[in-house]
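Taken in order, the sequence shown gives residues 26 to 119; the numbers are from my numbering. Backbone N, C-alpha and C fix where the C-beta goes; we use that ideal spot for every residue, glycine too. Since we're looking at a predicted model, the values are computed, not measured.
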Amino acid sequence: MVYDKQTLYMWHVNRFITPNEKVSDADRAPAGDFHFHQGRWILINRRLPDMWDVTGPDKRQVKPGEYVELTEGRKILLSSENGGRLVVVQLVSN
Numbered sequence: 026m027v028y029d030k031q032t033l034y035m036w037h038v039n040r041f042i043t044p045n046e047k048v049s050d051a052d053r054a055p056a057g058d059f060h061f062h063q064g065r066w067i068l069i070n071r072r073l074p075d076m077w078d079v080t081g082p083d084k085r086q087v088k089p090g091e092y093v094e095l096t097e098g099r100k101i102l103l104s105s106e107n108g109g110r111l112v113v114v115q116l117v118s119n
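The structure is reproduced here in structure tokens:
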């Protein structure tokens, strides 16, 4: 679950990074953030060099500074490194 202006950190991107006192300064820097912008949810890539929208047959790289709209069923690969996470978007209205 996300909310407007929520920050994404490296421990969200890679399952082998844990948020504790041993986290490097580089891993403490924001990697991305979520926004509700003009009636749409988006994820802005702040510094991930290997983020991909892998929904459907046409894969698209989301470069740092770019964003991807969060729509039902969209699949976003945050990192292709070992331990990298895949986000599958599910929208719920209440």
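Between Pro89, Asn107, Gly90, Leu116, which lies nearest to Lys100 when the distance is taken from Cα to Cα?
Among Pro89, Asn107, Gly90, Leu116, the Cα nearest to that of Lys100 is on Leu116.
Straight-line CA distance for Ser105 to Asp75?
Approximately 7 angstroms, taken between the alpha carbons.
For the segment 41-50 against the segment 78-88, are there 3 or more C-beta pairs whose distance is under 8 angstroms?
Counting Cβ pairs under 8 angstroms, fewer than three are found: no touch.
Extract the residue ranges of the alpha helix (DSSP H) inside the segment 41-88, only unbroken runs of 4 or more that lie entirely within it.
Qualifying alpha helix (DSSP H) stretches, in chain order: 50-53.
Inspect the beta-carbon positions of Leu111 and Val38 and report whether they are closer than 8 angstroms.
Cβ distance not < 8 angstroms, so Leu111 and Val38 don't count as in contact.
Tell me whether Gly57 is buried or exposed, calling it buried when 16 or more other Cβ atoms sit within 10 Å of its Cβ.
By the 10 Å Cβ count, Gly57 comes out buried.
In this structure, does DSSP put Val112 in helix, strand or coil?
Strand, per DSSP.
Looking at C-alpha atoms only, which residue of Glu97, Gly98, Leu95, Arg72 is the closest neighbour of Pro89?
Closest by alpha carbon: Arg72.
Alpha carbons only, please: which of Trp36, Lys84, Glu94 is nearest the one belonging to Ala51?
Closest by alpha carbon: Trp36.
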